[in-house]
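Notes follow once the structure below has been shown.
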Amino acid sequence: MRQWPTDADLEPPAAVAADQRDLALLEQIVAGDRAAFDALYRRYYGRLMDFLTRMLNQHELAEEVVNDTMLVVWTGGAAFGGRSRVSTWVFGIAYRKALKRLARERRGPTSPFEAALDLAADSDPGAEVDEAQLHSRFRAALAELSPAHRSVVELTFLLEYSYEEVADIVGCPVNTVKTRMFHARARLRGLLSGFLGRGR
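Residues 923 to 1122 (my numbering) make up the sequence shown, in order.
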């Protein structure tokens, strides 16, 4: 009888291999393997720093949150239930740690990421504008979003997580992620419309 492909079968082989490698490392970490922890730390450090620096707008603060996140991985790896990818679980820890740090610091992030310019194109696809200026305006517009809305945009477009994975990371239902993305897009279109109109 013919077997229909599963979601795992449809994933690129490199992504499947990376997920399996992460899971194997995490299993070794739970067993107390320091070398496995070091390997996982190196695998995630750059991506976590990029995400957290943009979210927190302070390199030193992002460094602290990365360390806090990886400490949870080291001491609480057994809590990983396998309901998501290891990367989704790790980014979920980082996201929650960053939100707590933002609340403690009593300030919001102000530095947006350089990506997802297709969101800007929604405002006026016929407008011809200088790409560097559009990058700059998009960063400024993204900085005006709330942390919750900005994080959904970053996780979806910069880090290429699915809505389901974003929901796991930020700890809310998928429909909430979709709602946040809708409002984020609407806000960005409004913020960018005047600038794009001037490009005609």
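Where a beta carbon is used, it is the ideal one built from N, C-alpha and C, also for glycine.
Per-residue burial, residue i [other beta carbons within 10 Å of its own, 16 or more giving buried]
{"i": "D1090", "result": "buried"}
{"i": "H1071", "result": "buried"}
{"i": "V1088", "result": "buried"}
{"i": "R879", "result": "What the structure shows of the chain is the stretch from 923 to 1122, and residue 879 is not part of that stretch, so it cannot be assessed."}
{"i": "E1050", "result": "Low local confidence applies: a pLDDT of 49 at E1050 is under 50, so the model's placement there is unreliable, with the coordinate-based value given in what follows. Counting Cβ neighbours within 10 Å, E1050 comes out exposed, since fewer than 16 surround it."}
Beta-carbon spacing of residue i, residue j below 8 Å
{"i": "V995", "j": "L962", "result": "yes"}
{"i": "R965", "j": "E1076", "result": "no"}
{"i": "A958", "j": "L947", "result": "yes"}
{"i": "V1074", "j": "A1106", "result": "yes"}
{"i": "L945", "j": "V1008", "result": "yes"}
{"i": "L1024", "j": "L978", "result": "yes"}
{"i": "R1015", "j": "T997", "result": "The amino acid occupying residue 1015 in the given sequence is Ile; Arg does not appear at that position. For I1015 and T997, no; Cβs fall outside 8 Å."}
Through-space distance from residue j to residue i, alpha-carbon basis
{"i": "G999", "j": "G1112", "result": "43 Å"}
{"i": "A1094", "j": "D972", "result": "For clarity, residue 1094 is Cys in the given sequence; the question names Ala instead. Roughly 23 Å separates the two Cα atoms."}
{"i": "E949", "j": "V1092", "result": "24 Å"}
{"i": "S1115", "j": "L1064", "result": "13 Å"}
{"i": "V1099", "j": "L1081", "result": "15 Å"}
{"i": "S1084", "j": "T1078", "result": "6 Å"}
{"i": "N1126", "j": "A936", "result": "No answer is possible for residue 1126: it lies beyond the span of the chain, which begins at 923 and ends at 1122."}
{"i": "Y967", "j": "A1001", "result": "21 Å"}
{"i": "R943", "j": "I951", "result": "12 Å"}
{"i": "R1104", "j": "L1110", "result": "Sequence check: residue 1104 is Phe here, not Arg. Spanning the two alpha carbons is a distance of roughly 10 Å."}
{"i": "D960", "j": "E1066", "result": "37 Å"}
{"i": "D955", "j": "R1026", "result": "33 Å"}
Same chain only: Cβ atoms within 8 Å of residue i, ignoring 5 sequence neighbours per side
{"i": "L1021", "result": "P1069"}
{"i": "T1010", "result": "Y1083, E1087, D1090 and I1091"}
{"i": "A953", "result": "none"}
Cβ neighbours of residue i in the same chain (closer than 7 Å, five flanking residues each side left out)
{"i": "R1018", "result": "G1093"}
{"i": "P974", "result": "The residue asked about is misnamed: residue 974 is Leu in this sequence, not Pro. Only A984, V987, V988, A1016 and A1020 meet the Cβ criterion."}
{"i": "H981", "result": "T975"}
{"i": "S1006", "result": "E1087 and D1090"}
Beta-carbon proximity list for residue i, same chain, < 6 Å, skipping 5 on both sides
{"i": "D1044", "result": "Model confidence at D1044 stands at a pLDDT of 44, short of 50, so the residue's coordinates are unreliable and nothing is read from them."}
Would the stretch 1060 to 1067 and the stretch 985 to 994 be scored as touching if the rule is three or more Cβ pairs under 8 Å? No, the stretch 1060 to 1067 does not touch the stretch 985 to 994.
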